[in-house]
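Protein chains in written order, with the working numbering: chain A, 8 to 328; chain B, 258 to 699. Every residue gets a Cβ at the ideal spot worked out from N, C-alpha and C, and that includes glycine. Nothing here was measured: the structure is a model prediction, and the numbers come from that model. Structure first, commentary second.
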């Protein structure tokens with residue numbers, strides 16, 4: 008059972024949506040989840056239709072059964088200043104560092120430091136306990152950087168070890184890696200049934216494994232229903248045009264003969280897509296990872312759609328828990 | 258065929274044909290087909306007579322292969338198979354190589370070696386969250402300076418934010434030029450000069466804190482790196498500024514690429530605003546993967562209602578069919594294989610019978626009657642498919658309208674969705690055709 012669920016995926020596959028739906032799905036039966044964002048895009052706020060998230064943990068949704076979802080947009084600069092304050096009581100010196108550009112240097116230019124801070128904050132939330140010693144959050148779900156950068160992002164140790172060989176940043180990196188490489192963490196990859204995202208998923212899995220990071224599930228997003236099989240389309244495109252037109256007329260569709268052509272064109276495209284999707288499913292099957300499919304929300308993603316996806320994920324069951 | 262657009266059409270061919278157009282920058286959020294658009298524009302411009310180089314940042318393997326190049330690298334290579342009088346060259350940015358080359362070009366061999374071997378430099382050149390953007394712009398400047406091509410098409414890095422490539426050069430430039438660097442360099446440069454004592458006190462406090470945080474070795478690496486790079490800093494800043502001005506120049510055209518989805522168009526709108534603020538010349542918006550329908554006059558609701566009518570009657574039919582004993586009792590698995598054995602699916606000369614078993618494959622392999630489909634079922638399926646398509650259309654239209662309402666001044670070219678992926682030059686050409694047509698009709 009992983010308490011830190013990292014969600015990555017190629018751009019455009021809907022990883023933020025899946026991360027949010029997963030946070031909602033995991034927040035059942037009074038459980039509390041934290042959804043964290045690390046790229047400063049305010050995607051979570053957009054999705055939950057709230058104003059921009061500040062750098063603080065804030066309740067953004069209530070799930071069925073009384074669960075709660077909190078959200079946090081992690082800001083590297085603020086995380087660093089907090090950190091300095093916590094360990095060095097820097098106070099105004101922190102501001103001075105900021106003024107001369109040292110904070111900017113540490114959070115944007117010094118390689119890896121930024122990632123250590125971002126993942127560090129998430130890991131801190133995973134480990135945090137309340138006064139009675141219970142975990143504050145049952146799960147932390149991270150809307151992580153895209154597949155192309157996820158391994159480098161999570162594998163902060165490699166980045167930082169060569170540079171900061173001692174000191175708190177080094178120790179922090181070590182502590183973070185212990186959490187990230189433990190069974191407490193699972194990295195899920197979101198994909199579509201299209202060639203490029205599937206290829207990128209396969210590459211991403213190889214990279215993650217190479218870095219000894221645990222890959223959790225493959226989540227196929229925006230799966231469209233298969234309304235017609237190829238054989239049917241072939242039959243329709245053959246000599247059945249007239250019959251189809253007749254059936255259309257019977258069903259009360261006006262000017263049916265003019266519609267047959269365009270409808271069959273659409274069906275042919277659909278069949279081609281079904282074929283491609285079958286190929287991509289076969290590629291995904293070779294990855295030998297648990298794979299789950301989420302339906303396309305036809306009306307576009309809004310809060311209702313989000314809750315629907317959360318319901319789907321919950322039905323997929325204990326798998327994420 | 259596609260959604261009719263209230264926005265002004267974006268005409269691609271005049272843009273590509275104009276000899277005054279020297280740089281086209283494709284930008285937009287991840288996953289919208291930016292790189293594919295850049296490659297397709299390259300093919301089209303070359304076939305219309307221009308000498309083009311496409312600079313891609315991180316192309317999917319298949320896309321590189323579609324240009325007939327197995328592995329793109331830091332050197333432009335000519336793409337074979339491009340027709341017409343022009344030429345197409347393609348390359349992929351290697352950020353480390355590009356950075357190394359700058360160092361080698363601007364420092365004497367000993368100093369260059371010292372820099373290249375420095376651990377801080379190695380991490381900086383291989384990975385910091387801005388090197389790629391900086392080097393992309395650096396490469397663009399180099400390509401432009403060589404003047405070997407009359408059109409450069411640039412793809413932009415898949416950044417955290419689509420705007421990073423505008424900011425990163427400045428950020429790196431101002432860092433390398435900034436106060437902080439000077440503080441770090443102070444001890445090496447000034448030694449024990451008396452007048453600088455005050456600064457050195459401040460300096461050691463700062464480096465002390467950073468040293469604690471990052472570890473002393475790290476800071477020493479940074480200091481060594483900076484000392485070695487000293488003579489090059491001015492150059493970094495100058496080049497970053499020059500590239501920035503190049504982006505503002507009249508020969509440059511930005512194309513914002515998006516898909517008709519909320520997030521992508523929101524980023525596109527943001528980008529349009531940012532480009533205006535930076536006085537960067539925007540040519541228009543390329544809207545990829547737009548769905549259309551030849552049967553758009555049949556609404557989703559009507560199609561669905563008609564499908565329901567047919568399905569109601571189908572139940573009766575099916576019962577009748579089963580009673581006659583021609584129902585299918587075939588295991589699922591056998592049908593796909595059977596249906597793969599005959600190729601041109603749309604030309605299947607299905608004879609008169611309405612039963613699917615009369616299809617060639619089916620008659621060859623009697624088991625494949627799995628897809629016994631009555632004409633009612635079939636038609637209902639077609640209608641449901643259409644209803645789904647119309648729903649997508651409506652959603653895309655709403656999303657796009659929101660954008661055009663915000664930015665009516667932005668010209669738009671819509672690229673109809675292809676059912677499959679792009680694998681070769683023909684695929685890129687097809688995209689380019691759609692792109693060129695997508696802005697001329699409205």
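Per the DSSP secondary-structure output, residue 179 of chain A pairs with nothing in a beta bridge. Residues 360, 361 of the same chain have their beta carbon placed closer than 6 Å to that of residue 369 of chain B, with the five preceding and five following residues left out of the count. Per DSSP, the unbroken beta strand (DSSP E) holding residue 510 of chain B starts and ends at 509-515. Just so you know, the alpha carbons of residue 114 of chain A and residue 317 of chain A end up roughly 34 Å apart. Identification of chain A residues near residue 356 of chain B by a Cβ-Cβ cut-off of 7 Å yields none; the smallest Cβ-Cβ distance measures about 13 Å. Residue burial annotation: residue 310 of chain B is buried, with at least 16 other C-beta atoms found within 10 angstroms of its C-beta. Look at residue 287 of chain B: its C-beta is under 7 Å from a C-beta on chain A. Of all alpha-carbon atoms in B:529, B:517, B:511, B:273, the one lying nearest the alpha-carbon of residue 412 of chain B is that of B:511. Under a 10 Å Cβ-count criterion, residue 666 of chain B is classified as exposed, with fewer than 16 other Cβ atoms of the shown protein chains found around its own Cβ. Look at residue 251 of chain A: its C-beta is under 7 Å from a C-beta on chain B. The beta carbon of residue 110 of chain A lies closer than 8 Å to those of 84, 87, 88, 101, 104 in the same chain, with the five residues before and after it left out.
Contacts with chain A at 7 Å (Cβ-Cβ) do not include residue 660 of chain B.
Residue 375 of chain B is classed as buried because its beta carbon has at least 16 other beta carbons within 10 Å across all chains shown. Contact between the segment 172-181 of chain A and the segment 133-149 of chain A is absent, with fewer than three C-beta pairs closer than 8 Å.
DSSP lists B:669 as the bridge partner or partners of residue 266 of chain B. Taking one beta carbon from each stretch, the segment 124-133 of chain A and the segment 175-193 of chain A have 3 or more pairs nearer than 8 Å; the two touch. Rounded to whole angstroms, the gap between the alpha carbons of residue 562 of chain B and residue 551 of chain B is 19 Å.
In this model, residue 57 of chain A and residue 363 of chain B are separated by some 50 Å (Cα to Cα). A Cβ-Cβ contact shorter than 7 Å links residue 513 of chain B with residue 284 of chain B. Under the Cβ distance rule, residue 350 of chain B does not count among the residues neighbouring chain A, no pair being separated by less than 7 Å. By the Cβ criterion, the segment 186-193 of chain A is not in contact with the segment 271-281 of chain A, since fewer than three pairs of Cβ atoms, one from each stretch, lie closer than 8 Å. Relative to residue 11 of chain A, the option among A:287, A:193, A:29 whose CA is nearest is A:193. The criterion of a C-beta distance shorter than 7 Å is not satisfied by residue 391 of chain B and residue 482 of chain B.
Counting other Cβ atoms within 10 Å of its Cβ, residue 328 of chain B stays below 16 and is therefore classed as exposed. With contacts defined as CB atoms closer than 7 Å, residue 691 of chain B and residue 669 of chain B fail to qualify as a contacting pair. Cα atoms of residue 276 of chain B and residue 297 of chain B: separation of roughly 19 Å, rounded to the nearest angstrom.
Taking CB atoms only, residue 18 of chain A has a neighbour in chain B less than 7 Å away. Residue pairing of residue 302 of chain A in beta bridges, as defined by DSSP: A:230. Residue 280 of chain A reaches chain B at 676, 677, counting residues in chain order whose Cβ is nearer than 8 Å.
Sequence-ordered contacts of the segment 548-562 of chain B with chain A read 550, 551, 552, 555, 559, 560, 562 [C-beta pairs closer than 8 Å].
Counting along the chain, residue 39 of chain A sits inside no alpha helix (DSSP H); it lies in the beta strand (DSSP E) bounded by residues 39-44. No residue range can be given for residue 341 of chain B, since it is assigned to no alpha helix (DSSP H) and is classified by DSSP as neither H nor E. At a cut-off of 7 Å between beta-carbon atoms, residue 664 of chain B makes no contact with chain A. Going by DSSP, residue 66 of chain A is part of the beta strand (DSSP E) stretching over 65-69. Rounded to the nearest angstrom, the gap between the Cα atoms of residue 373 of chain B and residue 480 of chain B is 14 Å. CA-to-CA, the gap between residue 262 of chain A and residue 255 of chain A works out to about 9 Å.
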